[in-house]
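The next block holds one structure in the form of structure tokens; read it before the comments.
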Amino acid sequence: MSKGKPALTDFGIVENNHYYWWASWYARILGYQSLRTLQPSIEKAKKVCLQLGIPIETNFIPAQSEHGADTKLTKFACFLIALQADARKPVVGRARTYFLNELEELNVTLSNEDYLSRMIGRDEIRQLNSQLNQSARRANVKDFRFFMNEGYLGMYNKPISEIKQERGVPANKSLSDYMSMAELGANIFRITLTAARLKQLKNPTQERAAREHWKIGAQIRSMIKENTGTYPEELPLALDLKTLQKRLRQTQLQLNQEVDQTV
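For reference, each letter of the sequence shown is one residue, going 3 to 265 in this note's numbering.
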């Protein structure tokens, strides 16, 4: 920041050699009417911490301020909230720029990456696949690998092992960690539709359930080609989410340094 302008630390409080900022103050600074209206963004930021394996309780500390029930935020928490807040608000955009300029390496990494949305989408696929397996079990599916592979065959026209090999994804890695948001969304759609379809089957068999999974995958394949001109297996891959998560964990350590290391 240029000389004469207040620094973020000017508005912080120091406890246990670390800076914290009141969430009620941060809400006003970002252009929100109240802490309550910022709360959805705070909850999303907490979810990111959970996904990263970063303790929520050390970054979002419930406390009482002069405004009543409040939360003390670390600098990392402020950063995550800015990323989740309403981008249409001018101050939100400036807050993001402020943090990312401070985090030069992370700024380059996150360029053009829907990383937070992708993390949520990847986790949703995991949850939905678990539910789909339950639906498949009720549809008399015994060979779940065969059943799941039929969905990939329908959507990608090849088994998962070939998809990963041709797209340069290591065999021991999950394809969903490399999917763009568009590809994640398409797979969420495939899984959701298949689960709904299995519930409608009368006297289901493993072969019929697998055929329905293939059929829905093929329909989504055609839809993607029609709307993008590209088949699913030709969609560009994104940066490995595991790499992004590692760098975000490093960011927490960088932003939450002790006061005597940053002043």
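The beta carbon of each residue, even a glycine, is placed where N, CA and C say it ideally should be.
Item to check | Reduced DSSP secondary structure (H/G/I, E/B, other) of H215 | outcome: Here residue 215 is taken as the residue at index 213 of the sequence shown, counted from 1. H215 falls in the helix class under three-state DSSP.
Next on the checklist: Quick check on G231: does DSSP put it in helix, strand or coil?
Outcome noted: Position 229 of the sequence shown, counting from 1, holds the residue named residue 231. DSSP places G231 in coil when its eight states are reduced to three.
Checklist entry - Which one or two residues does DSSP pair with L75 in a beta bridge? => result The residue given as residue 75 occupies position 73 in the sequence shown. Checking the DSSP bridge columns, you'll see L75 partnered with W23 and F62.
Checklist entry - Hey, how far is the Cα of I63 from the Cα of R223? => result Looking up residue 63 in the sequence shown gives position 61. Looking up residue 223 in the sequence shown gives position 221. If you take the alpha carbons of I63 and R223, they lie about 46 Å apart.
Checklist entry - Once you ignore the five residues that flank S4 on each side, which residues in its own chain have a CB closer than 6 Å to its CB? => result Along the sequence shown, read from residue 1 onward, the residue named residue 4 stands at position 2. Confidence in S4 is poor, its pLDDT being 43 and thus under 50, which makes the residue's placement too unreliable to answer from.
Checklist entry - Under a three-way DSSP split, which group does I15 fall into? => result Working through the sequence shown from its first residue, we reach residue 15 at position 13. It is a strand residue.
Checklist entry - What whole-angstrom Cβ distance do N131 and Q208 have, given they're in contact under 8 Å? => result Taking the first residue of the sequence shown as position 1, residue 131 is located at position 129. Taking the first residue of the sequence shown as position 1, residue 208 is located at position 206. Approximately 17 Å separates the beta-carbon atoms of N131 and Q208; this is outside 8 Å, ruling out the contact.
Checklist entry - Taking all protein chains shown into account, do 16 or more other C-beta atoms lie within 10 angstroms of the C-beta of N174, making it buried, or fewer, making it exposed? => result For the purposes of this step, residue 174 is identified with residue 172 of the sequence shown, where counting begins at 1. Burial call: exposed.
Item to check | Endpoints, alpha helix (DSSP H) assigned at I157 | outcome: Counting from 1 along the sequence shown, the entry for residue 157 is found at position 155. The question names Ile, but residue 157 is Met in the sequence shown. Note, M157: alpha helix (DSSP H), F146 to Y158.
Next on the checklist: Whole angstroms are fine: how far does the CA of T76 sit from the CA of E17?
Outcome noted: Working through the sequence shown from its first residue, we reach residue 17 at position 15. Working through the sequence shown from its first residue, we reach residue 76 at position 74. Computed Cα separation, rounded: 11 Å.
Next on the checklist: Could you compute how far the alpha carbon of Q66 sits from the alpha carbon of G231?
Outcome noted: As a position in the sequence shown, residue 66 is number 64, starting the count at 1. As a position in the sequence shown, residue 231 is number 229, starting the count at 1. Their backbone Cα atoms lie some 55 Å apart in a straight line.
Checklist entry - On the premise that P234 lies in contact with E168, defined as a C-beta separation below 8 Å, what is that separation, rounded to the nearest angstrom? => result If you number the sequence shown from 1, residue 168 lands on position 166. If you number the sequence shown from 1, residue 234 lands on position 232. So it is not a contact: roughly 12 Å between Cβ atoms.
Item to check | CB-CB length for I31 against Y22, believed under 8 Å | outcome: To locate residue 31, count along the sequence shown from 1; it is residue 29. To locate residue 22, count along the sequence shown from 1; it is residue 20. Actually they do not touch by this definition, with Cβ atoms about 14 Å apart.
Checklist entry - Can you round the beta-carbon distance between R192 and G170 to whole angstroms, since I take them to be within the 8 Å contact cut? => result For the purposes of this step, residue 192 is taken as the residue at position 190 of the sequence shown. For the purposes of this step, residue 170 is taken as the residue at position 168 of the sequence shown. At roughly 22 Å, the Cβ-Cβ gap does not stay under 8 Å, so R192 and G170 are not in contact.
Next on the checklist: If contact is defined by three or more beta carbon pairs under 8 Å, each pair taking one atom from either stretch, is the region 134-153 in contact with the region 83-95?
Outcome noted: no
Item to check | D116 to A240 span [Cα, whole Å] | outcome: On the sequence shown, position 114 is the one that residue 116 refers to. On the sequence shown, position 238 is the one that residue 240 refers to. Roughly 9 Å between the two C-alpha positions.
Next on the checklist: Just to confirm, is the Cβ distance from E87 to N61 under 7 Å?
Outcome noted: The sequence position of residue 87 within the sequence shown is 85, counting from 1. The sequence position of residue 61 within the sequence shown is 59, counting from 1. For clarity, residue 87 is Ala in the given sequence; the question names Glu instead. In this structure, N61 does not lie closer than 7 Å to A87 by Cβ.
Item to check | Three-way DSSP call (helix, strand, coil) for G170 in this model | outcome: The residue you call residue 170 lines up with position 168 of the sequence shown. Note: G170 maps to coil in three-state DSSP.
Checklist entry - Looking at Q254 and I56, is the spacing between their C-beta atoms short of 7 Å? => result Residue 56 sits at position 54 when you count from the first residue of the sequence shown. Residue 254 sits at position 252 when you count from the first residue of the sequence shown. Contact: yes.
Next on the checklist: So the candidates are A71, Y158, Y34 and L85; which of them puts its Cα closest to the Cα of A48?
Outcome noted: As a position in the sequence shown, residue 48 is number 46, starting the count at 1. According to the sequence displayed, residue 48 carries Lys and not Ala. Checked all of A71, Y158, Y34 and L85; the closest Cα to K48 is L85.
Item to check | Between the CA atoms of L195 and E126 - distance to the nearest angstrom | outcome: Here residue 126 is taken as the residue at index 124 of the sequence shown, counted from 1. Here residue 195 is taken as the residue at index 193 of the sequence shown, counted from 1. Each residue's alpha carbon lies about 14 Å from the other.
Item to check | Under 7 Å between C-beta atoms of S119 and I83 | outcome: Translated into the one-based positions of the sequence shown, residue 119 becomes position 117. Translated into the one-based positions of the sequence shown, residue 83 becomes position 81. Not closer than 7 Å, so no.
Item to check | Sub-7 Å separation of V261 and N19 beta-carbons | outcome: As a first step, residue 261 must be located in the sequence shown, where it is residue number 259. As a first step, residue 19 must be located in the sequence shown, where it is residue number 17. In this structure, N19 lies closer than 7 Å to V261 by Cβ.
Checklist entry - On the premise that W216 lies in contact with G123, defined as a C-beta separation below 8 Å, what is that separation, rounded to the nearest angstrom? => result In the sequence shown, the residue the question calls residue 123 occupies position 121. In the sequence shown, the residue the question calls residue 216 occupies position 214. Wrong, their Cβ atoms sit about 23 Å apart, outside the cutoff.
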